[in-house]
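A.B. asks: A single structure is presented below for examination.
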Amino acid sequence: MADGYSIETGQKRTFGSLDYVLFSLMFCFSAAIGFYHAYKDRNKKKTEDFHLGGRKMHPIPVSLSLSATFLSALMLLGTPSEIYTNGTMFYWITVAMLIATAGAAHIFLPVFYRLNTTSCFQYLEMRFGKVTRTIASILFLIQTVVYMGFVLYAPSLAFEAVTGVSLWGCMIGTAAVCTLYTTLGGLKTVLWTDSLQFSIMLAGLLVVLIEGTKATGGFSNAWDIANDHGRLKFDDFSFDPKTRHSVWTVAIGGSFFWLYLYGINQAQIQRACSLPTLRRAQVAMWLNFPGLVLIVTLTVLIGVVMFAFYSQCHPVKFGIVNKIDQLLPLFVLDTLGTVPGLSGVFIACVFSGGLSTISSGLNAMSAVLMEDFIKPFCCGSVVKKHGIFMSKALVVVIGVIQFGVAVLISRFSGLILQFSYSMYSITAGPIFGLFVAGMIFPWTNKYGAPIGFLASLAFMCWLGLGALIEKPSGYKPLPTYTLACNWTTIDKYPPVTTLAPIVTGSSTITEEPILYDFYRMSYQWYTGLGMIICVFVSLLASFLTGYTKASTIDSRLMCPILDILFPFLPENILKPLRFGVK
Numbered sequence: 104m105a106d107g108y109s110i111e112t113g114q115k116r117t118f119g120s121l122d123y124v125l126f127s128l129m130f131c132f133s134a135a136i137g138f139y140h141a142y143k144d145r146n147k148k149k150t151e152d153f154h155l156g157g158r159k160m161h162p163i164p165v166s167l168s169l170s171a172t173f174l175s176a177l178m179l180l181g182t183p184s185e186i187y188t189n190g191t192m193f194y195w196i197t198v199a200m201l202i203a204t205a206g207a208a209h210i211f212l213p214v215f216y217r218l219n220t221t222s223c224f225q226y227l228e229m230r231f232g233k234v235t236r237t238i239a240s241i242l243f244l245i246q247t248v249v250y251m252g253f254v255l256y257a258p259s260l261a262f263e264a265v266t267g268v269s270l271w272g273c274m275i276g277t278a279a280v281c282t283l284y285t286t287l288g289g290l291k292t293v294l295w296t297d298s299l300q301f302s303i304m305l306a307g308l309l310v311v312l313i314e315g316t317k318a319t320g321g322f323s324n325a326w327d328i329a330n331d332h333g334r335l336k337f338d339d340f341s342f343d344p345k346t347r348h349s350v351w352t353v354a355i356g357g358s359f360f361w362l363y364l365y366g367i368n369q370a371q372i373q374r375a376c377s378l379p380t381l382r383r384a385q386v387a388m389w390l391n392f393p394g395l396v397l398i399v400t401l402t403v404l405i406g407v408v409m410f411a412f413y414s415q416c417h418p419v420k421f422g423i424v425n426k427i428d429q430l431l432p433l434f435v436l437d438t439l440g441t442v443p444g445l446s447g448v449f450i451a452c453v454f455s456g457g458l459s460t461i462s463s464g465l466n467a468m469s470a471v472l473m474e475d476f477i478k479p480f481c482c483g484s485v486v487k488k489h490g491i492f493m494s495k496a497l498v499v500v501i502g503v504i505q506f507g508v509a510v511l512i513s514r515f516s517g518l519i520l521q522f523s524y525s526m527y528s529i530t531a532g533p534i535f536g537l538f539v540a541g542m543i544f545p546w547t548n549k550y551g552a553p554i555g556f557l558a559s560l561a562f563m564c565w566l567g568l569g570a571l572i573e574k575p576s577g578y579k580p581l582p583t584y585t586l587a588c589n590w591t592t593i594d595k596y597p598p599v600t601t602l603a604p605i606v607t608g609s610s611t612i613t614e615e616p617i618l619y620d621f622y623r624m625s626y627q628w629y630t631g632l633g634m635i636i637c638v639f640v641s642l643l644a645s646f647l648t649g650y651t652k653a654s655t656i657d658s659r660l661m662c663p664i665l666d667i668l669f670p671f672l673p674e675n676i677l678k679p680l681r682f683g684v685k
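Using the working numbering, the letters of the sequence shown map in sequence onto residues 104 to 685.
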């Protein structure tokens, strides 16, 4: 182990035996929960028990699972690096989470809960027909398995680069344990392991924040350093959609993405519907919000402290690490490496985020495959007898596939890698738009919905690919420094700052293509834009092909949104605003 910090010695500390033991215990406890529920529920034969916990779950584990599912390892590693690089404007995402929680709990969840379905895509068949349900389900499966591949690969790669922990060991261990306990215990195991993993995430982040604060001379000092270097900023109110992170971009644009995650994503709806009553489901949704805010707040504060620690020696420029997403593992080794076991607590924290996301995805995809493809198209009689066995077999198959996707991702670089990473936000908008068009607008018909969905998907793929291929300039990270780096410890020279040459005479200014401004749109608006395009085209096509009469729609499929937003209005005003829906 190197004495001193990495920016002083030019060497990274390594993990000790106790770190590996604590890291391994997290996997062992997760698997043990799976074995426990497999034994406890060994006599249950209904697929509802496997996918929905028999609809008898308690709000506390469900709320913790709701928080843990999308606080993945990517977010735990990425948020501190985002604060380090671009400042604290990202913290406005907590407002987006509040909007999403309220919308999910009171607009979308009641519709799904009262339909008493396992797959949220069953709604689309009831509203628009089997074709719409099938194409949306297929896109969800592709979206989720690619995202799970990234959640498995990216953190493992970051830790391998910094700590020397085996990339393939982490990937195989995470995939195997996730698949094992999800197969054994179904949703019950996923909920309780998520609760355990949320606790581990919280403990790991607190340890890093406390020890990091000590290393920077106290939090007040770290805050002052970050403020002096422009990292503390909360007041960018720019209305320009090209602004990467402004109040409106993050709080409003980000709310569409989080509303998709909590309002209509199969993994979250499945959890909420595992509760015995709608009221309890809504309570669990609201209890999840403080957990989200707590984790995001801790990661933001860690980003502030991490910047203060490296403010005069940027590790990427110094050459100790290669990428920004490797900063947090390096910071952990620098500040926790002298105390045996603490680094192991943090790596358990990060991989807990990965386990919760992957296990939730496995269970959700198993439910979608069973309900949207196997039951409707084949094996209906077999499912009644062997539904749980088939569901467990699907989890194993999906687990193998998502590991294969992670392996493929590890083999690619450049455009394909970046597009795979962007795919979740690109595809979220069209799926979200289908449900909004169905629940809010009664005139959308079975022809308009798939047309709007495909138009939105094509447009968003064009936008995403265009931004990746053209890479228009515009976004610049905040400056970093190397003044305090100990260059004598590594075989490298400090960067030399030179003045730009003075150019005399005439020069030509190259005009950028007009689409470059469009490609510069902040990624936070992608889901909202995709949703709006889907709804607009769906309604246009519906009116062109003969819109659905509101009086003919099953009212269970509609959300009385104006009644929810304005419950104080008298009935003589609200009734015409329901547009004839009975």
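We treat Cβ as the ideally placed atom computed from N, Cα and C, and that holds for glycine.
Buried or exposed for E674, please, with buried defined as at least 16 other CB atoms from any protein chain shown within 10 angstroms of its CB.
C.D. replies: By the neighbour-count rule (16 or more Cβ atoms within 10 Å), E674 is not buried but exposed.
A.B. asks: I believe V165 touches A375 by the beta-carbon criterion, under 8 Å. Please report the beta-carbon distance rounded to the nearest angstrom.
C.D. replies: 7 Å between Cβ atoms; contact.
A.B. asks: Are the CB atoms of P183 and T402 within a distance shorter than 7 Å?
C.D. replies: Against a cut-off of 7 Å, the Cβ pair of P183 and T402 comes out as a contact.
A.B. asks: Could you tell me if P258 is buried or exposed, where buried requires 16 or more neighbouring beta carbons within 10 angstroms of its beta carbon?
C.D. replies: Counting Cβ neighbours within 10 Å, P258 comes out buried, since at least 16 surround it.
A.B. asks: With 16 as the cutoff for other CB atoms within 10 Å, does V124 come out buried or exposed?
C.D. replies: So V124 counts as exposed.
A.B. asks: Taking N219 as part of the alpha helix (DSSP H), name the residues at either end of that continuous run.
C.D. replies: Taken as a continuous stretch (DSSP letters only), N219 belongs to no alpha helix (DSSP H), as it is neither H nor E.
A.B. asks: What is the DSSP secondary structure of Y139, counted as helix, strand or coil?
C.D. replies: Helix at Y139.
A.B. asks: Does the Cβ-Cβ distance between C588 and I110 come in under 7 Å?
C.D. replies: Taking 7 Å as the Cβ cut-off, C588 and I110 qualify as a contacting pair.
A.B. asks: Using only CA atoms, which one of S462, G490, A540 and Y527 lies nearest to G502?
C.D. replies: Of the listed residues, the one whose Cα sits closest to G502 is S462.
A.B. asks: Which same chain residues end up closer than 8 Å to D144 when comparing Cβ atoms and leaving out the 5 residues on each side of it in sequence?
C.D. replies: For D144, where only same-chain residues beyond five positions count, the Cβ hits under 8 Å are D152, G288, G289 and K291.
A.B. asks: So G154 is in the alpha helix (DSSP H); what residue range does that whole segment cover?
C.D. replies: It should be pointed out that residue 154 corresponds to His in this sequence rather than to Gly. Where H154 is concerned, the enclosing alpha helix (DSSP H) stretches over T150 to L155.
A.B. asks: What is the DSSP secondary structure of F538, reduced to helix, strand or coil?
C.D. replies: Residue state, collapsed to three classes: helix.
A.B. asks: Pick from L458, V500 and S446: whose alpha carbon is nearest that of L472?
C.D. replies: With distances taken between Cα atoms, L472 lies closest to V500.
A.B. asks: Looking at C-alpha atoms only, which residue of T438, S323 and R514 is the closest neighbour of T117?
C.D. replies: It is T438 whose Cα lies nearest to the Cα of T117.
A.B. asks: Hey, N189 and P553: beta-carbon distance below 7 Å or not?
C.D. replies: The answer is no: Cβ separation not under 7 Å.
A.B. asks: Quick check on S658: buried or exposed, where buried means 16 or more other Cβ atoms within 10 Å of its Cβ?
C.D. replies: Label assigned to S658: exposed.
A.B. asks: Between which two residues does the alpha helix (DSSP H) harbouring Q415 extend?
C.D. replies: Q415 -> no alpha helix (DSSP H), and no H or E assigned at all.
A.B. asks: If contact is defined by three or more beta carbon pairs under 8 Å, each pair taking one atom from either stretch, is the segment 275 to 283 in contact with the segment 129 to 148?
C.D. replies: The segment 129 to 148 vs the segment 275 to 283: in contact.
A.B. asks: By a C-beta neighbour count over all protein chains shown, 10 Å radius and 16 as the cutoff for buried, is C481 buried or exposed?
C.D. replies: Exposed is the call here.
A.B. asks: Return the CA-CA distance between S641 and I372, expressed in angstroms with no decimal places.
C.D. replies: One C-alpha to the other measures close to 24 Å.
A.B. asks: When the Cα atoms are used, what is the spatial distance from D122 to W361?
C.D. replies: Between D122 and W361, the C-alpha separation is close to 34 Å.
A.B. asks: Could you say which of N548, G267, T592 and A531 lies nearest to G567 if we only look at CA atoms?
C.D. replies: It is A531.
A.B. asks: Given a cut-off of 7 Å on the beta-carbon distance, is the pair K115 and L397 in contact?
C.D. replies: Cβ atoms of K115 and L397: not closer than 7 Å.
A.B. asks: In this structure, how does DSSP classify M104 when only helix, strand and coil are distinguished?
C.D. replies: Annotation note: pLDDT 44 at M104 (below 50); position unreliable, no value reported.
A.B. asks: With the cut-off set at 7 Å, would you say I210 and C662 are in Cβ contact?
C.D. replies: Contact flag set, yes.
A.B. asks: Across the segment 384 to 400 and the segment 197 to 213, are there enough close Cβ pairs to call them in contact, namely three or more that are closer than 8 Å?
C.D. replies: Taking 8 Å as the limit for Cβ pairs, the verdict is that the segment 197 to 213 does touch the segment 384 to 400.
A.B. asks: How close, in whole Å, do the beta carbons of A279 and L255 come, if the pair is a contact with beta carbons under 8 Å?
C.D. replies: At roughly 11 Å, the Cβ-Cβ gap does not stay under 8 Å, so A279 and L255 are not in contact.
A.B. asks: Going by alpha carbons, who is nearest to I512 out of V638, Q300, Y250 and Y216?
C.D. replies: Cα-wise, what sits closest to I512 is Y250.
A.B. asks: So, are the CB atoms of V399 and T197 less than 7 Å apart?
C.D. replies: Closer than 7 Å, so yes.
A.B. asks: Does DSSP classify D338 as helix, strand or coil?
C.D. replies: D338 falls in the coil class under three-state DSSP.
A.B. asks: Can you give me the Cβ contacts of P533 inside the same chain, cut-off strictly under 6 Å, excluding the 5 residues immediately before and after it?
C.D. replies: F556, S559, L560, G633 and C637.
A.B. asks: Quick check: N548 and Y413, are their CB atoms within less than 7 Å of each other?
C.D. replies: Cβ atoms of N548 and Y413: not closer than 7 Å.
A.B. asks: Please report the residue range of the alpha helix (DSSP H) in which T204 lies.
C.D. replies: T204 -> alpha helix (DSSP H) spans I196 to G206.
A.B. asks: Which full runs of the alpha helix (DSSP H) of 4+ residues lie inside the segment 340 to 373, going along the chain?
C.D. replies: DSSP runs (the alpha helix (DSSP H)) wholly in the segment 340 to 373: 357 to 366.
A.B. asks: If contacts are defined as beta-carbon pairs under 8 Å, then F301 and L167 qualify, I think. What distance do you get, rounded to the angstrom?
C.D. replies: Sure, about 5 Å apart at Cβ, within 8 Å.
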